[in-house]
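In my numbering, the protein residues as written are 1 to 309. Even glycine gets a Cβ: it sits at the ideal position worked out from N, Cα and C. Please read the structure below before turning to the comments.
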Amino acid sequence: MARQSDGLLKDYRAKRDFTKTQEPAGTSAMGKSKGYRFVVQKHDATRLHYDFRIELDGVLKSWAVTKGPSDNPDDKRLAVRVEDHPLDYGGFEGTIPEGEYGGGTVMLWDEGTREPIGDPHAALQDGDLKMVLHGHRMKGEWVLVHMKGRDSKRKSGPPRENWLLIKHKDKYAKQKETTVERFTNSVSTGHDLAGIAKGLKPKKRSTIAADATRHSDKDKAVDNPLPAKPGRRKRAANLPAFRAPQLATLVSDVPAGGDWLFEMKYDGYRCTAAIAGDTVRLFTRTGKDWTEQFKAIVPPLSRLTKGSA
Ligand code: MN
1 MARQSDGLLK
11 DYRAKRDFTK
21 TQEPAGTSAM
31 GKSKGYRFVV
41 QKHDATRLHY
51 DFRIELDGVL
61 KSWAVTKGPS
71 DNPDDKRLAV
81 RVEDHPLDYG
91 GFEGTIPEGE
101 YGGGTVMLWD
111 EGTREPIGDP
121 HAALQDGDLK
131 MVLHGHRMKG
141 EWVLVHMKGR
151 DSKRKSGPPR
161 ENWLLIKHKD
171 KYAKQKETTV
181 ERFTNSVSTG
191 HDLAGIAKGL
201 KPKKRSTIAA
211 DATRHSDKDK
221 AVDNPLPAKP
231 GRRKRAANLP
241 AFRAPQLATL
251 VSDVPAGGDW
261 LFEMKYDGYR
271 CTAAIAGDTV
281 RLFTRTGKDW
291 TEQFKAIVPP
301 LSRLTKGSA
C-alpha cells in the first residue's frame, strides 16, 4: 500500500545507501503513528549540528540547527530546513560511516511530544510554526520562523530554506544558560558522542532518566550522569512487581446493567506499566519485559508520578 510518506521520503532515500549506513530506510510499519512526536539528534557530522524533527503527515519534518536550541528567548538560532525523514529515524542513534551522506555520530539528544499551536499545515506553509514541547530538555513554547526572502540559492534543486528556532518567554525560558551546554549526553543511552561512537551498552535506565529530566534552576550542569552516592541517594519508590492482568472472556450476550463499560478493541499490543518515579518497566500479559520494544512511551510514563503506579 502506498503511503503519503513514501513520496515525502524520496529525497531522504536518494541521498543514502542503505547497504552502508545503519540509518532506517523508513519502510517499517512505524510510519503509522498518529501522535505528534518531536526529537532532537545531535549530529557530529562535518560540522556539528542539532537536527530538530517534528512529526507531521507520517514523516519527520526536519531542520538542522547549527548551534542547537537555546532556552534563552534572546537567542535566535538558525535552522536550515532539510529533507523529511522517516518516523523511525526518531529512534536512531549510532554512527553513519565516513564518506556516506551525513557521516558521523548521531545522538538522541531529546525526545518527547509536541502540541501544535494552530493548524500545523498552515503554520508550516506560512513559515510561523508555534508549538508547545514536552521533552526532557526542550519544554514550553517554541517557534520556528521561516525567513522568507532570505533563502539561499543552490546549484541545483529548490533553494535552501533558512528558518529561526526561538524559545518563547514562559516559565521554562532562561536568561543565560543554554540547554546544549548543560546536556551533552543521550536521553536514550546516557552516553556522550564518544561513548556512542564506541557503541557502548546503554546506561541504566534510572540513571539516564534522572539526568535527562534534571532541569530546575537549582541544579548545576550535568554532563555525564554519575551514579548518586549511595548515602545521598533519595529514597525511590519500589517498582511494582508484575501482576497478571484480567483477561477477556468470550460470551455470546452483552451483559445488561450500569456496572459495565465497553470499549472498542483496537488491534495492536497491550501492556502494563510498572512505574516507580522515573523508572518504568513495561510487561506483556505473561510478564515478559517489553520495555525495550516500546521505549518511545517510557519518557512520558516516567513523568507521570513521583511515587509508584
Ligand atoms: Mn544532520
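For residue 297, the three-state secondary structure derived from DSSP is helix. Under the criterion of beta carbons closer than 8 Å, residue 93 and residue 108 qualify as touching, at roughly 5 Å. Under the three-state reduction of DSSP, residue 122 is assigned to helix. The three-state reading of DSSP puts residue 308 in strand, counting E and B together. Checking the DSSP bridge columns, you'll see residue 107 partnered with 42. For residue 51, the shortest separation between its Cβ and any heavy atom of the ligand MN lies below 8 Å. With a cutoff of 8 Å, residue 103 does not count as near the ligand MN, since its C-beta is closer than that to no heavy atom of the ligand.
Each of 276, 254, 8 and 260 was checked against the Cα of residue 242, and the nearest Cα belongs to 276. Within a 10 Å sphere around the beta-carbon of residue 123 sit 16 or more other beta-carbons, which makes this residue buried.
Around the beta carbon of residue 52, a 10 Å sphere encloses 16 or more other beta carbons of the protein chains shown; the residue is thus reported as buried. For residue 82, the distance from the CB to the nearest heavy atom of the ligand MN is below 8 Å. Within the same chain, 205, 280, 281, 282 and 298 come within 8 Å of residue 291 by CB-CB distance, once the 5 residues on both sides are set aside. Taking C-beta atoms under 8 Å as the contact rule, residue 134 and residue 149 fail to qualify, at a distance of about 33 Å. Distances from the CB of residue 168 to the heavy atoms of the ligand MN are all 8 Å or more. CA-to-CA, the gap between residue 251 and residue 284 works out to about 24 Å. Taken from the Cβ of residue 41, at least one heavy atom of the ligand MN lies inside 8 Å. Check the Cα spacing between residue 175 and each of 57, 153 and 70: the tightest is with 70. The C-alpha of residue 115 lies about 35 Å from the C-alpha of residue 156.
Here DSSP, grouped into helix, strand and coil, assigns residue 62 to strand. Rounded to whole angstroms, residue 184 and residue 104 show a C-alpha spacing of 16 Å.
Counted as a single uninterrupted DSSP element, the stretch harbouring residue 274 is not any alpha helix (DSSP H) but the beta strand (DSSP E) occupying residues 272–276.
Here the alpha carbons of residue 63 and residue 160 stand approximately 11 Å from one another.
Excluding the 5 residues flanking it on each side, residue 307 has same chain C-beta neighbours closer than 6 Å at 237, in chain order. Within the chosen limit of 8 Å, the ligand MN reaches the beta carbon of residue 64 through at least one heavy atom. Burial check for residue 98: the Cβ neighbour count within 10 Å stays below 16, so the residue is exposed. Judged by beta-carbon spacing, residue 127 lies beyond the 9 Å limit of residue 171, meaning their Cβ atoms are not closer than that value.
Checking the DSSP bridge columns, you'll see residue 130 partnered with 143.
Less than 9 Å divides the Cβ of residue 39 from the Cβ of residue 110. Considering only 96, 106, 7 and 15, the residue with the shortest C-alpha distance to residue 58 is 7.
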